[in-house]
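Take 1 as the starting number for the sequence shown in UniProt numbering and just add one per residue.
From the three backbone atoms N, C-alpha and C, an ideal C-beta is built for every residue, glycine too.
Computed from a predicted structure; not experimentally measured.
Only one structure is covered here, and it is reproduced in the block below.
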Amino acid sequence: MASAVVSAAFRLPLATRRFSNSSPRISLHHPTIWTRHLRRITTASSMSQLTSETDASRTNDENSAEKPDDVVVQYVVLRRDLIDSWPLGSVVTQGCHASVAAIWSFRDDPVTLQYCDPQHIDSMHKVTLEVKGETQMMNLSEKLNSGGISHKVWMEHPENIPTCIATKPYPKSQVSPFFKKLKLCK
């Protein structure tokens, strides 16, 4: 058994076989090799598969490019007063909780299923906005309720502090008018 050196600290064994003394060595190996840093090296045989997957996704992208406003998006709204007074990680965590809770609460909704579909999982769209404080957040929640927009108000327990709002995924054209006056969270 021979071995190929990928790096000084990592060696991969390769099976070799000789058919006769005059024939060249033939190396048999798996088409994908993982290096020490778990980078994937792809050979020509698996490149054709990647090319066909890319062509299929390019076709889907061309179809979705016809309706740019109908991209499925989830809105997350944080409180500026908490961003200024809490640790950043804590506020980000509140947004994550609200986002997951909204998706889980509406997991059987067709648009949510489309948003979480394995085909679209790597191209999710979220818009993170901010309001000044609790009063503005609760007013936004009432406005969303009256407009029929499903959402989750995340409450920090045990303090019962409303920290974040996350909508279920919606086509952007349907939900964006409710958020036009809000600032992007920076």
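- The three-state reading of DSSP puts R107 in coil, since its state is none of H, G, I, E or B.
- Cα atoms of T112 and P177: separation of roughly 20 Å, rounded to the nearest angstrom.
- Sequence-distant partners of A166 (beyond 5 residues in either direction) whose C-beta falls short of 6 Å from its own C-beta, in its chain, are V76, A98, S99, A102, K152.
- A Cβ-Cβ contact shorter than 7 Å links V72 with Y115.
- With fewer than 16 other beta carbons inside 10 angstroms of its own, E159 counts as exposed.
- Relative to the Cα of K181, the nearest Cα in the group V131, Q174, E142 belongs to V131.
- Membership of L78 in the beta strand (DSSP E) is indicated by the continuous run 72-79.
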